[in-house]
Amino acid sequence: MHRWEGRVTLLRPALRWPLAMLAAAVLVCGAFLAVLATGADGDDAPAVPDTGSADAGFARDMIVHHQQAVEMSLIVRDRTGDEDVRRLAYDVVNTQANQRGMLLGWLDEWELPKSSGEPPMAWMGHEMPFEARDGSLMPGMATDTQLRRLREADGRDAEVLYLRLMTAHHQGGVQMSQMAAGAVETRVVRRLAETTLRGQQSEIKLMRDMLQERGGLMKP
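The opening residue of the sequence shown carries number 25 in our numbering; numbering runs sequentially from there.
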């Protein structure tokens, strides 16, 4: 247990979740700023990754993966008045939209295409136990059917469905980031993979607690 978790449980419910979210946001933002401060890569890293590299593949896949997280968060923002869920949704939008912009910027800087003819996750170099279906292209991504259900849900139903879908989405992001951290060659991409890994692991813990409070600890 984190040291702050033991303390916030003593606070009134109205204050507990804002502080928990703040702690998660501080972790994500701090790691994100570390990526920005990294600057140029070291001498041991290639100046420009190849279009078939893990660096380029991870960037392309996470651009798509992050975009869906932003989409789901914008949907739930308008489907519930719960301040804790709305605050989490804003945090996800801000963090993942910023990271997505960084990834797009790197591909531009490297003069590499933002898409390729390779299937998602081909950069991992081995077959993944995942089969694309119903618009879900990568691990953790929601299907078109699940997104439609989220758009149609209201109130507590929307909150629970969003938290379930986003937990699964983050779990997929963690899996991809773990692979990237050990496979990419440029330091700045490795730092982003590590940042994503830590930030999403923290938010997964937070979302599980939020689901437990709402009686929604089950698969989407």
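All residues carry an ideal CB built from backbone N, CA and C; glycine is no exception.
ask   = Looking at the structure shown, is R238 part of a helix, part of a strand, or coil, going by DSSP?
value = The answer is coil: DSSP assigns R238 none of H, G, I, E or B.
Simplified DSSP assignment, three categories, for S77 = Coil at S77, not helix or strand.
task = With a 10 Å radius around its C-beta and 16 neighbouring C-beta atoms as the bar for buried, classify D106 as buried or exposed.
result = Buried.
ask   = D108 to D74, Cα distance in whole Å?
value = Cα to Cα, D108 sits roughly 42 Å from D74.
key: Where S201 falls: helix, strand or coil (DSSP)   = It is helical.
query = How long is the line joining the alpha carbons of G164 and G76, rounded to whole angstroms?
reply = Rounded to the nearest angstrom, the two C-alpha atoms are 23 Å apart.
message = Check whether chain C comes within 8 Å of V72, counting only Cβ atoms and requiring the distance to be less than that.
response = Chain labels in this structure do not include chain C; a single protein chain is all it has.
key: Nearest-angstrom Cα separation, counted from Q199 out to R172   = When the Cα atoms are used, R172 and Q199 turn out to be separated by approximately 25 Å.
R172 (DSSP reduced to helix, strand or coil) = Looking at R172 - three-state DSSP - the assignment turns out to be helix.
query = Which value, in whole angstroms, describes the spacing of the CA atoms of G197 and D178?
reply = Taking the straight line from one Cα to the other gives about 26 Å.
request  = Quick one: residues in its chain with C-beta nearer than 6 Å to the C-beta of S160, no 5 flanking neighbours on either side, listed in chain order?
outcome  = Contacts found: T167.
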